[in-house]
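J.:
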Amino acid sequence: RDTDDRAAHSHLRLPRTSRRLLLRGLGALAGAGLFWVAFRAADMRQVVTLIRGLGASAALLLLPSIAAVGLETFAWWNVFLRLGARPAFPSLLRIRVASESVGAVLPFGAVWAEALKPPLLSRRCGTPTSTNLVGVAARKYLLLASQGAYLLLGFLLGRTALTRGFERLGGPVALVLLPCAGAIGL
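Note that this note's numbering has the sequence shown beginning at 1, numbered continuously upward.
Structure representation (structure tokens):
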């Protein structure tokens with residue numbers, strides 16, 4: 001009987017590619033609507049004036065973020081290579097940007113972003129779920145290790161200023177070692 005019901009209503013179902021296009025279109029409309037809601041009160045003339053005032057060098061402000069995303073994706077790509085997988089770098093970059101975008105806009109977004117990565121990797125890169133889970137875990141480990149290295153570097157470069165600040169405030173100078181301990185802990 002289920003087969004008869006499906007056959008009778010099969011003319012109502014959209015082909016898979018059409019459904020995908022419809023969902024993408026609805027997502028784009030929702031995104032545009034949310035973009036409008038977020039910026040409807042903004043004075044766009046003032047925004048344009050401020051951006052023009054920065055000049056062409058304003059594009060340089062994007063370079064650190066682009067470099068960080070690129071380097072992190074390159075490290076993640078190397079993890080997959082060591083696991084025996086060969087995902088395309090542009091696919092990993094798209095997955096990284098898509099999952100981070102979800103993480104930035106949804107409540108508990110970081111949880112959703114991490115949960116989204118393994119299925120996206122399977123779909124876009126053709127890698128098995130087990131490899132994807134190990135790759136995501138290794139990415140988190142590398143991210144944590146790099147944060148520890150950044151913290152230690154910041155401590156080494158800024159220790160003198162930090163010590164002077166504690167001395168001026170009358171606080172215990174030994175607190176200067178907390179960032180160092182945190183970096184070692186990471």
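Idealized CB from N, CA, C, for every residue including glycine. Remember, predicted model here, so these are calculated numbers, not experimental data.
Need the endpoints of the alpha helix (DSSP H) that Pro-15 sits in, please.
T.: From DSSP, Pro-15 is part of no alpha helix (DSSP H); its letter is neither H nor E.
J.: Looking at the structure shown, is Leu-186 part of a helix, part of a strand, or coil, going by DSSP?
T.: coil
J.: What would DSSP say about Leu-83, mapped onto helix, strand or coil?
T.: Look at Leu-83 here: in three-state DSSP terms it is coil, with no helix or strand label.
J.: What three-state label does DSSP hand Ala-145 in the structure shown?
T.: helix
J.: Let me know if Asn-132 comes out buried or exposed under the rule of 16 or more other beta-carbons within 10 Å of its beta-carbon.
T.: Here Asn-132 is buried: its Cβ has 16 or more other Cβ atoms, across all protein chains shown, within 10 Å.
J.: Could you tell me the alpha carbon to alpha carbon distance between Lys-117 and Leu-157, rounded to whole angstroms?
T.: 35 Å
J.: Closer than 7 Å to a non-hydrogen atom of the ligand MG - does that hold for the CB of Gly-170?
T.: The ligand MG is absent from the structure shown, which contains no ligand whatsoever.
J.: Whose C-alpha, out of Leu-186, Pro-15, Phe-89, is nearest the C-alpha of Gly-126?
T.: Phe-89
J.: Hey, which unbroken runs of the alpha helix (DSSP H) at 4 residues or more fall wholly within the stretch 24-67?
T.: 44-54
J.: Just curious, the alpha helix (DSSP H) that Val-111 is in, first and last residue?
T.: 109-125
J.: Count the other CB atoms, across all protein chains shown, that sit within 10 Å of the CB of Gly-33; report buried if there are 16 or more and exposed otherwise.
T.: exposed
J.: What is the DSSP secondary structure of Pro-179, counted as helix, strand or coil?
T.: helix
J.: For Val-176, count neighbouring Cβ atoms within 10 angstroms of its own Cβ and tell me buried if that reaches 16, exposed if not.
T.: buried
J.: Taking the continuous alpha helix (DSSP H) assigned at Leu-93, which residues delimit it?
T.: 89-105
J.: Taking 8 Å as the threshold (C-beta atoms), are Arg-139 and Ile-95 in contact?
T.: no
J.: Can you tell me which of the three DSSP states Gly-158 falls into?
T.: helix
J.: Suppose the cutoff is 7 Å on Cβ atoms and the five residues either side in sequence are ignored; what does the same chain contact list for Ala-113 look like?
T.: Ser-99, Glu-100, Val-102, Gly-103
J.: By the three-class DSSP mapping on this structure, what secondary structure does Gly-187 have?
T.: Absent from the model: residue 187. The displayed extent of the chain is 1 to 186, so no value can be given.
J.: Put Gly-171 into one of helix, strand or coil per three-state DSSP.
T.: Taken through DSSP and simplified to helix, strand or coil, Gly-171 comes out as coil.
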